[in-house]
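A short worksheet on the structure shown next.
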Amino acid sequence: MALLLSAALFPQMQGSMGAQEASEVDIIAADADADARMTVPVRIGARGPFRFLIDTGSQNTVVAISLAQELALKPDGRSLVISVAGSQMADTVLLDEIGLGRRSYYDLTAPLLERADIGADGIIGLDGLQGQRVLMDFKRNIIAVDEPRKLGGDQGFEIVVSARRRSNQLIMTDAVIDGVRVAVIIDTGAEGTIGNRALQRALSKRIVVAQAELTSVTGHTVKADVSMGRQLRLGKMNISNLPLAFTDTPAFAALELDRRPAIMLGMRELRMFKRVAIDFTSRKVFFDAAWEG
1 MALLLSAALF
11 PQMQGSMGAQ
21 EASEVDIIAA
31 DADADARMTV
41 PVRIGARGPF
51 RFLIDTGSQN
61 TVVAISLAQE
71 LALKPDGRSL
81 VISVAGSQMA
91 DTVLLDEIGL
101 GRRSYYDLTA
111 PLLERADIGA
121 DGIIGLDGLQ
131 GQRVLMDFKR
141 NIIAVDEPRK
151 LGGDQGFEIV
161 VSARRRSNQL
171 IMTDAVIDGV
181 RVAVIIDTGA
191 EGTIGNRALQ
201 RALSKRIVVA
211 QAELTSVTGH
221 TVKADVSMGR
231 QLRLGKMNIS
241 NLPLAFTDTP
251 AFAALELDRR
261 PAIMLGMREL
271 RMFKRVAIDF
281 TSRKVFFDAA
291 WEG
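In the working numbering, the protein residues as written are 1 to 293.
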């Protein structure tokens, strides 16, 4: 079994399952880590809280090796873990119950990775977010998880973009960067936006302005070319002067997006909005561009 974990950092640059129903909206206070990613308190069984990274680019929930040892969780299998910067085999544990706010998720298979590479005690991946809407309010620094109607439906969002599902991931295709049509994945586990080599080739006139080294949650590193997209149009939304890190990554190949232009839109760009909501049931992504400072 291959597990896709797409969280990545940009530390160096040079150059110019079923959930227990909750009767009320589940609002969770979030913290921002050093890379602007959002972490939330979670429980494992009756223990916690522990700080887990919310990562919409990761298929699976992940636990730090040191935390698994603290909780006496014994590895019961191994899986191939695919990250932005590489692939490796990892031990896995079965999480009988993991709690996020008032909700609980059961029987999740979680790979074990080093805490220093994750940057948190673990990761909440798509296996803990399916069938719900996840609302990230960057102004109030909170995350709300519930049914869409309990989160106000579609009201208050200026931009709504439809997506298709692949490997539980939502992929938006109504997007263009500088005249090139591109597939877009919302990746809350990445600091910045990563583009594949197919997009770099399509934007062949773009000048590389820097080199970067991306570090994934598996501890792998990979070199990237950094350039600037003049404008990303996503539905009715426009983002100008978009930094793009182009690299070969097995994460795009795992989603069958290595041969056509694609990006993973990271937290640097998402935090330009007041709110972003990802609805896994209706397969839509909502953006609230109204920012009052």
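Glycine residues also receive a C-beta, built at the ideal position from the N, C-alpha and C atoms. On a predicted model such as this, the values are computed, not experimentally measured, just so you know.
Asked	Found
Between Val145, Gly156 and Asp288, which has its C-alpha nearest Gly128's C-alpha?	Val145
Measuring only the C-alpha atoms, how far is Thr109 from Pro148?	27 Å
Please give the ranges of any alpha helix (DSSP H) in the stretch 152-193, keeping only runs that are unbroken, at least 4 residues long and fully inside the region.	none
From what residue to what residue does the beta strand (DSSP E) around Leu126 run?	Where Leu126 is concerned, there is no enclosing beta strand (DSSP E), given that its DSSP letter is neither H nor E.
Hey, Pro261 and Ala202 are a contact pair by Cβ (cut 8 Å); roughly how many whole angstroms apart?	5 Å
Return yes when the Cβ of Val160 is within less than 9 Å of the Cβ of Phe287, no when it is not.	yes
Checking the sheet assignment: what are the DSSP bridge partners for Ser204?	Note: Ser204 sits in no beta bridge, so no partner.
Between the C-alpha atoms of Asp121 and Leu100, what's the straight-line distance to the nearest angstrom?	14 Å
Quick check: the Cα distance between Leu232 and Phe138, rounded to an integer number of angstroms?	21 Å
Hey, quick one: how far does the alpha helix (DSSP H) through Gln69 stretch, first residue to last?	Ile65 to Glu70
Can the beta-carbon of Leu199 be found closer than 9 Å to that of Ile118?	no
Apart from the five residues on each side of it in sequence, which residues of its chain come closer than 7 Å, Cβ to Cβ, to Thr221?	Ala85, Glu213, Leu214 and Thr215
Which of the three DSSP states, helix, strand or coil, is assigned to Glu213?	strand
Shortest alpha-carbon distance to Ala116 belongs to which of Thr56, Gly219 and Leu255?	Gly219
Say whether the stretch 181-194 touches the stretch 265-272, bearing in mind that this needs 3 or more beta-carbon pairs closer than 8 Å, one atom from each stretch.	yes
Where does Tyr106 land, buried or exposed, given buried means 16+ other C-beta within 10 angstroms?	exposed
Can you confirm whether Ile263, when its beta carbon is compared against all beta carbons of chain C, has any partner nearer than 9 Å?	Note that chain C does not occur in the displayed structure, where there is just one protein chain.
Within this structure, are the beta carbons of Leu170 and Thr56 separated by less than 9 Å?	yes
Mind checking Asn238: buried by the 16 CB within 10 Å criterion, or exposed?	exposed
Does Leu244 come out as helix, strand or coil in the three-state DSSP assignment?	strand
May I ask which residues mark the beginning and end of the beta strand (DSSP E) holding Glu269?	Here Glu269 belongs to no beta strand (DSSP E); instead the alpha helix (DSSP H) covers Met267 to Leu270.
Could you tell me whether the Cβ atoms of Ile28 and Pro41 are closer together than 9 Å?	yes
Where does the unbroken beta strand (DSSP E) through Ile146 begin, and where does it stop?	Ile is not the amino acid found at residue 146; the sequence shown has Asp there. Residues Ile142 to Asp146.
How about Thr92 and Ser83: are their beta carbons less than 9 Å apart?	no
Residue range of the beta strand (DSSP E) that Asp117 falls in?	Run containing Asp117: none in the beta strand (DSSP E); it sits in the alpha helix (DSSP H), Arg115 to Ile118.
Would you call Val209 buried or exposed, if buried means 16 or more other Cβ atoms sit within 10 Å of its Cβ?	exposed
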